[in-house]
Every structure is written in C-alpha cells, then in structure tokens.
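Taken in sequence, the protein lines are chains Z and W. Each residue of the first sequence is one higher than the one before, starting from 1 at the first, in this note's numbering. Each residue of the second sequence is one higher than the one before, starting from 1 at the first, in this note's numbering. Following: one structure in structure tokens, then a few remarks.
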Amino acid sequence: MQLWNRYFLASSVDETLELLLQYDGQARIIAGGTDLLIEMREGHRPPQPVLVDITAIPALTTIEQDNDQIILGACVTHARITHSTALQKRATCLVESCGVVGGPQVRNVGTIGGNVAHALPAGDGTTSLVALDAEAEVVIDGERHWRPILELFQGPGVSLLDSTRDLLVRFRFQAHQPHEGSAFDRIMRPQGVALPILGCAVWVRLNADNSHYEAARICIAPVGPTPRRITAVENMLAGCPATEDTLEAAVALAQEVIKPRTSKYRATAPYRSEMVAVLLRRALPAAVERAKTTMPVTSQ
Amino acid sequence: MTSQDVNIGRNIRRMGAVEKVTGEALYPGDIDLKNQLWMKIRFSDRAHARITAIDTRQAEAHPGVVAVFTAADVPVNEYGLLIPDQPVLCGPGSSKPGADIVRCISDQVAVVVAETEQAAAAAVYLIDITYEDLPVVTDVFAAMADSAPQLHAEVENNIQTHYRIRHGDIEQGWAQADVIVEGEYITGHQEHAYLQPEAGLSYLDDEGRVTVVVAGQWVHEDQEQVAHALGLEHDQVRVIYPNIGGAFGGREDMSVQIVLGLAAKKLQRPVKIIWSREESIIGHHKRHPITIHARWGATRDGKLVAAEAEVFGDAGAYAYTTPKVMGNAHLMVCGPYEIPNAKVDTYGVYTNNVPSGAFRGFGGPQAAFAAECQMNKLAEALGMDPVELRLRNVLRDDSVMVVGTPLPPGVTLDRVLAEGAVESGFWQRSGDRWQRVPPNPAPDSTRRRGTGVAMGFKNIGFSFGYQENSWAEIELHGQAQIERVVVRQAGADVGQGAHTAFQQMAAEAVGVPVEKVEVVSHDTAFTGNSGSASASRMTFMAGNAIRGAAEAALEKWTQEDRPAIGTYTYLAPKTSPFDPETGQATPNFAYGYVAQFVEVEVDVETGQVEVLRVSSAHDVGKAINPRLIEGQVEGGVVQALGYAVMENLVTRDGMILNPYLSTYLIPTVWDIPHEVQSIILEYADPRGPWGARGMAEMPYIPLAPAIASALHDATGVWFDRVPLTPETIVMKLREHGIGVI
Chain Z
1 MQLWNRYFLA SSVDETLELL LQYDGQARII AGGTDLLIEM REGHRPPQPV LVDITAIPAL
61 TTIEQDNDQI ILGACVTHAR ITHSTALQKR ATCLVESCGV VGGPQVRNVG TIGGNVAHAL
121 PAGDGTTSLV ALDAEAEVVI DGERHWRPIL ELFQGPGVSL LDSTRDLLVR FRFQAHQPHE
181 GSAFDRIMRP QGVALPILGC AVWVRLNADN SHYEAARICI APVGPTPRRI TAVENMLAGC
241 PATEDTLEAA VALAQEVIKP RTSKYRATAP YRSEMVAVLL RRALPAAVER AKTTMPVTSQ
Chain W
1 MTSQDVNIGR NIRRMGAVEK VTGEALYPGD IDLKNQLWMK IRFSDRAHAR ITAIDTRQAE
61 AHPGVVAVFT AADVPVNEYG LLIPDQPVLC GPGSSKPGAD IVRCISDQVA VVVAETEQAA
121 AAAVYLIDIT YEDLPVVTDV FAAMADSAPQ LHAEVENNIQ THYRIRHGDI EQGWAQADVI
181 VEGEYITGHQ EHAYLQPEAG LSYLDDEGRV TVVVAGQWVH EDQEQVAHAL GLEHDQVRVI
241 YPNIGGAFGG REDMSVQIVL GLAAKKLQRP VKIIWSREES IIGHHKRHPI TIHARWGATR
301 DGKLVAAEAE VFGDAGAYAY TTPKVMGNAH LMVCGPYEIP NAKVDTYGVY TNNVPSGAFR
361 GFGGPQAAFA AECQMNKLAE ALGMDPVELR LRNVLRDDSV MVVGTPLPPG VTLDRVLAEG
421 AVESGFWQRS GDRWQRVPPN PAPDSTRRRG TGVAMGFKNI GFSFGYQENS WAEIELHGQA
481 QIERVVVRQA GADVGQGAHT AFQQMAAEAV GVPVEKVEVV SHDTAFTGNS GSASASRMTF
541 MAGNAIRGAA EAALEKWTQE DRPAIGTYTY LAPKTSPFDP ETGQATPNFA YGYVAQFVEV
601 EVDVETGQVE VLRVSSAHDV GKAINPRLIE GQVEGGVVQA LGYAVMENLV TRDGMILNPY
661 LSTYLIPTVW DIPHEVQSII LEYADPRGPW GARGMAEMPY IPLAPAIASA LHDATGVWFD
721 RVPLTPETIV MKLREHGIGV I
C-alpha cells in the first residue's frame, strides 16, 4: 500500500512553512508518525500526497532550561524526555508519562509535539503538559503565538492546528521550584502496547512548612472529548492540610465530578470510575512527597 | 556407528535460522513473478444476508482492472476440510444452491484482479452489492433455540455437533460424593496473530498445473481443496510452500488458495495477493469460544466419583474443524483423571460469528480450563493439596478413561506432575504429603503473589476413527559409502523446526551425520501425502515414516541399488469414534503429558496481573532436539498467557471491533513471564520414533487454569472466565471486598 507520493525532510521552520504554502493543503506534517501512519494504514485517513518530516529541524529538538522555565522542542522524542535528568527533577510527571507511552519503539520515534497535535483526549504526554500548565508556541496563518495548551484541543482528534498549514514549534512551562512536585500514573493494558485506560497527572505546590496545599493542578484523561483539568478538586485542595483525610475528600469529589465513558475495547465506565480513585490515591501523595524535597533551581 | 549421540538429542541449529534472521528467507509475500497481476478480495459487509445482486461494472471499468470474479465463476462453489459447507464466493448465479447467502464477515463475495495492487484495492470497493438482511444470531444459546434463524438448511437448531458420554452410573456417583463443586467456565475467541499474514501466488507451471504458492499446514489438503472447487483432478493442481510465518492451526482452512488458483487458471497469468493484518483477522477463523457447566464430586479422601459437564462451543458460521475440536473438548473436559461415573454433552453450534476452527490445543485448553479449575476447587473444598489430589486421581496405565478405554501404554501423568512439582521449586513433598512453597512477598501492599498448578494431556494426531498416515521417501547416494541422503517428507515446517527434526531423524535412521541429509518438502510435485502439521503429530508421524523409509532404503542399499530408494507410509494404530449414545471409544493412539506451575503477582487495586514465573514439565518421550522443544515450550506459554490475561476479541452482531494488533493486544516482550523453565522428561512412548511423543500443543493446555489457581492463592477468589483482563479481575475482587481502601 502506498501511503504518500513525496516525502520531505525539512531542515528549518521556514522551509517547512514554505512547503506547506507551496502544496496548499496537500502536504501534511509528520512528526514521528506513530499515530499518523497507523491511521493511514488502517484506512481511517486517506493516503497523503506529500509528507513533511520536521523531526530533523534542530530548533525543534532541543530541551532548554532558562532559569525557572523549561522550553521543550515539539520534536523531542518521548525517549529523550524519559532520559533527561533535568526534566526528571523539574517536570517529573512529564518524564513518568512519556516513559509509558506505547512501547520502546514508539517512544524512540514518537514526539511530544506529535502527541499534542494529534489531539487525542488521552495522550500521556499531553496529560502531563496540561498538569504543568504548559503553553505551546504555534505558527498559524504565518503568525507565531504562544497559546495555553488546552486551547489546542477542539475535539477528539481535532486540533486547533491544521497539520497541512500550521506548525507546532515548542512548549514552555515552569520548572518545579521548592515545595512543588508532580507525578503521573496510569492504568494501561498491557505493558508493551499503548492503549491507556486512564491516565492521571498531578502537580502540587505546598506551603513553606509543607503542611498544606497551596495550589494543585490535576489532569485525568480520558474523561471527555478533550483533556481537561479537574478544577473542582484543584480548588478544594488549595489551603487544605496535606493529609489522608484531604486525599480521601479529593478522591470522593473526583469520583463525583468525573463521569468516564465506556469505550468499546478499553474499559467500562464503572472500571474507569474505580480507577480514578486508585490513580489519585497513588499520584497525589507521590507529588506531595516530591514537593517536600525539591531543591531551588540555582543550587543545581 | 553409534549415532545416538550424534544425531538425536542434539541441539543442532534449526535449518534456515540465519536466513530468517537476516531477512533472506522468502515468505509467500516476498515472491514476485514476471507479468504478475494483483488480487484483492471483497469480504462480506454483513454477518447474515442474502445477496440479491452484484454489480461489477464500475469495478471492471476502473483503470488497470483485468477481471472481477464472483460466485458464478467458481466451477464447484464449495469448500470445507470436513464438511463442504462454505461457498468459495457468496452470491447469485452459483453452481451450488444456497451460496447466495453470506453467513459471516469472513465470507468472500468477489475478487478483483488488476495490473497493480493499488488498482485492485481501489476497484474492490466499486463493486456494488445488494444485500437483503437476514436475522443475525451470535449467541450459542440463542442459536440453539427453536425460534433462531437456521444458518444451514439441513442443520436443526444450528447444532453442528453433539457428542455424549454416559459412563458408569452418574446417580450412584453423586450418592458416593462427600463434596461437590460446580462452576460455569467461559472462554473467549483467540486470534492466531502469526507474524506473516496470508499471502500467495498462483500460476500455471511448465506442465500446465494450477500452481499455488502459499503458506499452509498440509500441501496435499490444500491441493485437494483447490482441485475440488476448480473441478480439476488432483494432479492438475500443485501446491508449494516457501517459508511459513507461523500457523498454529490458523492455516489449516482455506484463505487465499482457491481464489488465487481460480484467477490464474482463468487468466493464464500469475496472480498475487497479500492480506493486510485487518484482512487476516477478519478473513480466517478463531479459537472456539466455549462455555462449560461442570459439576464434579469426590469422596472425603479425595477420590473422584462423578463428573458431569455440558460443553457449548461457538462454531461460527461454518464447520471448519468444529467436529474435531469439540471432540477433543469432549474427551478432555473430565481431565486426565479416572472418574468412574461421568455424563457429558458437548455441542458445536453454528452462529453468525466468524468461523471457529483449529488453534493450538484444538479444544483442549478450553476443556482443561474447566477441568483444572474444578480440581483446584475440589482441593480447596477437601482441604487437600492440589498436587496430592491430582496424584490420587490421574490416569495410569491400568485406568479407564470416561470413554471406557485405557490410554495407550506408557502413561506418565503421575511422574510429570510429581517431578515437575519438585523441580519447579513451587511445591515440596515429604512422603505422600505435598505442600506449596510460599511465594516471595510482593514489593508493596497493593500487590499480592500466589502460586498455582494445572496439568493436561493432549492427543497426538487426528484419529477418533480417522486412519492416521504419513508418507516419506529416503534416497541414499554414494558408492562404497553413503555420501548423501535425500529425505522427502511433505510435512510443513510452520516455524516449529519440523524439517530440522526430519533431518536429525533421517540421519539417525540411516546412520550418517546430519550434514549429509538434505530435506525435500513442501511441494506436492515431489512428495507423497504426509499429513498436516497439526495436533502435535509431526515428529511422531514423520519420524515413524522416515524410519520405515530408511529401513527400506538400507535394504536396497545392501542389494547394491544406487541410488537406493526406500518409500514408506506409516499407518498409526487404529482408533475409533465416539459411540453416539455412550461416547465409548478408543479415540487416540498417543498422547503428550504436561504439568505447569506458575507464580503470579496481582495488583488488587488495578487488577493488573503479571505472570512472574512458569515451570512447564513435559514428557516428550525423547527430545530429538531439546532446544527446539524449549522454543516450543516458551512460545506455547507466551501464546497461552495472551489467551489467559490479555487477548480480547471484541465482537458485536458478528462484526469484529478490534481487527488490528493496536487494539487486539497480544503479548510483547514486556508482558511475558520473567522466567519460563522447561522441564523436559523422557519416558519413551513405545509407539513413538526413538520413543518420541508430540509436544507442541502441551505447553499451551494448562496455563490459563494454572494462572487462575495462582490468582486464587493470591486473593482467595476464583476466576472462571478468560481472558482475565484487569477489569474483570477488579470487578470480581470488589465483590469480595478486596482492593477497596
């Protein structure tokens, strides 16, 4: 089966944008292809006249830390994120989530930008970027903008970005500071192949003596057509003591506000609801424990 | 020379191993012929419907299309290994009445042949098919009801197969029973998921024969099926297998063979086809989903006195090998135990699901799931160790099976179980007393560990009255000494290494080193009928044939024939089918025996199961090539692990909702046990070549119940259904208040 006619390996953002312009909707960005190629092979997407591979563009493949901000190129692979020591300390949930995406082969070629641009409601990397409150730099209609990550998600598999015209360049988010920590856990089956049943990323900031939550961000997916934060639980946690009772109250509230759907071959709604509780009981305490030991950025 | 140590029992490297690793080995899809055309098949879009019209004009007008064939083009429009109940192509105008009905989505309706694969793929969807929907029945029990739609005119209540066992006096058995356990066991479909999806070519060879190059399990059966449907004599059809990328029973029935031959014959040009994974999953049969009600009774001192079972198998839309598969399930649902009173009814039932058919174990794994879970539950009810309970009841040389006859001589179930239990390290014995060795503690409180046991037996060869046979020819070249040996044996090397075993056995039989032996196989033009690479029969049957041929050739050699050629057809000992009323039979001439011991870890919060260690003990009679046996054990365990805890074919109204390996999940390297120990025992089968028994299916048979047993050890909860997905485990555990904080 022939999936494309021409394949370009772009070397710069400008060249990519020129190709997209030149082919006027007939060229599509490929950033790893671990979803795109499967969709084309399975006939869910027609063969593409032109593919533009952006994974060799140097500016899109760097991980930078600028003081307390982390900037992540869209074409950094899941495997590189998993092995980045800087990210392990400063964006722990992202490292944990990228470490369980697909299998090893998928992690070696699949990219974080591809994961976000594909706009599935349960991308593991996406779930953590949402909990990290990341922003995405995008080129839309030739203009560069920074957009909050959730704005990119318009529906299941529907992105704000048109991959035949627009480009996702990079992400930025705050590195963990003292009293901040994060964690990701997921229910998956099985270990070697993608198909998250439910994923949960948690970021917390504790107060000066680490006794109370100051702020929290939680993303559990998939529980709707697009990833979203569980703001009711986040708001409840703020100001509460970091105790077992608070955790149980958070779990109870989460189960009340989250109404997972049954999917045909992943899991039923009752199982997912049960797993909301299991995941929150695992991820939230893990993030809290990490927050207690995070060092200032300058001391590295 | 004493060649015993040179040829048999030696880990010689499998033939073609390097070529397979480097990619040089050619599989059917790798072969191209000059001037070849490409074929694409239009499968049924409905699970049950009458086709009232097929309009092929648009497809025929598509650029590059050479021909479109439909039911009207097939000379004898039927096939089936045992019963010719499936049309080659479904639609109006067929030579066979009733062939205008599609009964499942595996049915083929039309084929497009074009100059390129793209043209064929584009045109196949331009065929306009008019369906008149018929009621769909996908549940076995619904299909047996009087009101159900009848799938095949002559088959009442869709009951394709019904076997009975009436052994001893069941009422007296219940009267003697101090303890009775009962269960309903449900097993699901399983996809073979071999590495190489179906592919093939067909052309007319130099002698004008319709030649089909394909991967299958029995060249002569493929030849027979192609010849029958095309209305040709056998010798007008030739079947060749290049390398075969796995089979596991999934290549026993026809997939691309007949339509390829049809197109090549009509068009007088080579025609090629390669199925996608989706086409493979939709286009070939699956393991039978089986529901079993079982009720067993034992005395307080652990002696089985009664067993009753009802076994319902979903045959899908066509017979395929259902009568044989359900026959095996029927025989094995009482386990490898001596039970004086038994009553069993086994049914194979047509539905509009994809057909069920041969798959490693052939009904044995489903039956073993019920039988072994029953044994483990009985052990618990009696407060007796499950190994000890089995040792009190296993069939021995002098015991009588529930079909009224003993096993063939050389029964070693007791030794396989006892030696395996000790060697695995999972059990310890003192005298007659047996005890589990407690597993290592789990790393945290949400995970629990347990160990489990199950055992099994499986016949070698088809039998049940069928006269098993296998042909071989040996040709000895040289003058004063034998310099070269050619062994002709058609038996398929489906990846198990059969040809390497043939080489070793031929070398042993002739008395030369293996390097001097050349194997000629996989081509009906050069070989006689050696039977199917199925039912763990290849080493046993081919070995006996090779031995006979070698003896004949050596005789000619001494008579100064050069080359000296010996031909031999081995006929296995006679067997008999089930008596229709009582099930009395001498069903088989040989068996393999297995016992497995497993350690699992389950996360009681999420239901995720990890199988940590598996010890698989086998009596193989004689290990012709121990490393190939280890390969079979490890492969069988992994395949059974997928069946037990992962593989979940989701169907709705006869449609398969997950026909991709991205959604139908099979084990990857991350999912397999941390350790698989092969315990190879060699108690000679008096009828086997050099004492060898078959063993390929045995490592599959008891794994699912062994895992269920270990899960019970870990959690105290019985699981009576496979696959044991995390969800089914969690829901069951929560019923028992486990995993709730």
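For every residue, glycine included, the Cβ atom is placed at its ideal position computed from N, Cα and C. None of the values given here were measured: they were computed from a predicted structure.
Could you confirm whether any beta carbon from chain Z is found closer than 8 Å to the beta carbon of residue i?
i, result
"residue 668/W", "yes"
"residue 430/W", "no"
"residue 651/W", "no"
"residue 662/W", "yes"
"residue 210/W", "no"
"residue 614/W", "no"
"residue 605/W", "yes"
"residue 599/W", "no"
"residue 634/W", "no"
Output the boundary residues of the alpha helix (DSSP H) element that contains residue i.
i, result
"residue 272/W", "Here residue 272/W belongs to no alpha helix (DSSP H); instead the beta strand (DSSP E) covers 271-274."
"residue 373/W", "364-382"
"residue 105/Z", "104-109"
"residue 141/W", "140-144"
"residue 116/Z", "112-117"
Rounded to the nearest angstrom, what separates residue i and residue j at their Cα positions?
i, j, result
"residue 117/Z", "residue 59/Z", "18 Å"
"residue 34/W", "residue 270/W", "8 Å"
"residue 74/W", "residue 262/W", "7 Å"
"residue 109/W", "residue 42/W", "6 Å"
"residue 612/W", "residue 419/W", "21 Å"
"residue 494/W", "residue 243/W", "8 Å"
"residue 165/Z", "residue 133/W", "45 Å"
"residue 116/W", "residue 725/W", "43 Å"
"residue 474/W", "residue 634/W", "33 Å"
"residue 412/W", "residue 576/W", "23 Å"
"residue 192/Z", "residue 643/W", "Low confidence applies here, because residue 192/Z scores a pLDDT of 47, under 50, leaving its location unreliable; read the following figure in that light. Going from the Cα of residue 192/Z to the Cα of residue 643/W covers about 16 Å."
"residue 519/W", "residue 685/W", "25 Å"
State yes or no: is the beta carbon of residue i nearer than 8 Å to at least one beta carbon in chain W?
i, result
"residue 274/Z", "yes"
"residue 38/Z", "yes"
"residue 71/Z", "no"
"residue 7/Z", "no"
"residue 192/Z", "In this prediction, residue 192/Z has a pLDDT of 47, which is less than 50 and means its spatial position is unreliable; what the coordinates show is noted afterwards. Yes, because at least one Cβ of chain W sits closer than 8 Å to the Cβ of residue 192/Z."
"residue 103/Z", "yes"
"residue 149/Z", "no"
What's the call for residue i, buried or exposed, on a 16-neighbour Cβ count within 10 Å?
i, result
"residue 52/W", "exposed"
"residue 467/W", "exposed"
"residue 22/Z", "exposed"
"residue 125/W", "exposed"
"residue 128/W", "exposed"
"residue 57/W", "exposed"
"residue 182/Z", "buried"
"residue 337/W", "buried"
"residue 690/W", "buried"
DSSP has residue i in a bridge; who is on the other side?
i, result
"residue 128/W", "55/W"
"residue 242/W", "Note: residue 242/W sits in no beta bridge, so no partner."
"residue 34/W", "The partner list for residue 34/W (beta bridge, DSSP) is empty, contrary to what the question assumes."
"residue 346/W", "163/W and 311/W"
"residue 65/Z", "70/Z"
"residue 181/Z", "204/Z"
"residue 174/Z", "69/Z"
"residue 729/W", "None; residue 729/W has no bridge partner."
Given the structure, does residue i come close to the ligand NAP, in the sense that its CB is under 7 Å from one of the ligand's heavy atoms?
i, result
"residue 722/W", "Ligands in the displayed structure: none, and consequently the ligand NAP is not present."
Within the continuous beta strand (DSSP E) that includes residue i, where are the two ends?
i, result
"residue 69/W", "65-69"
"residue 457/W", "447-459"
Members of the stretch 101-121 of chain W near chain A, C-beta cut-off 9 Å: Any reference to chain A falls outside this structure, whose protein chains are Z and W.
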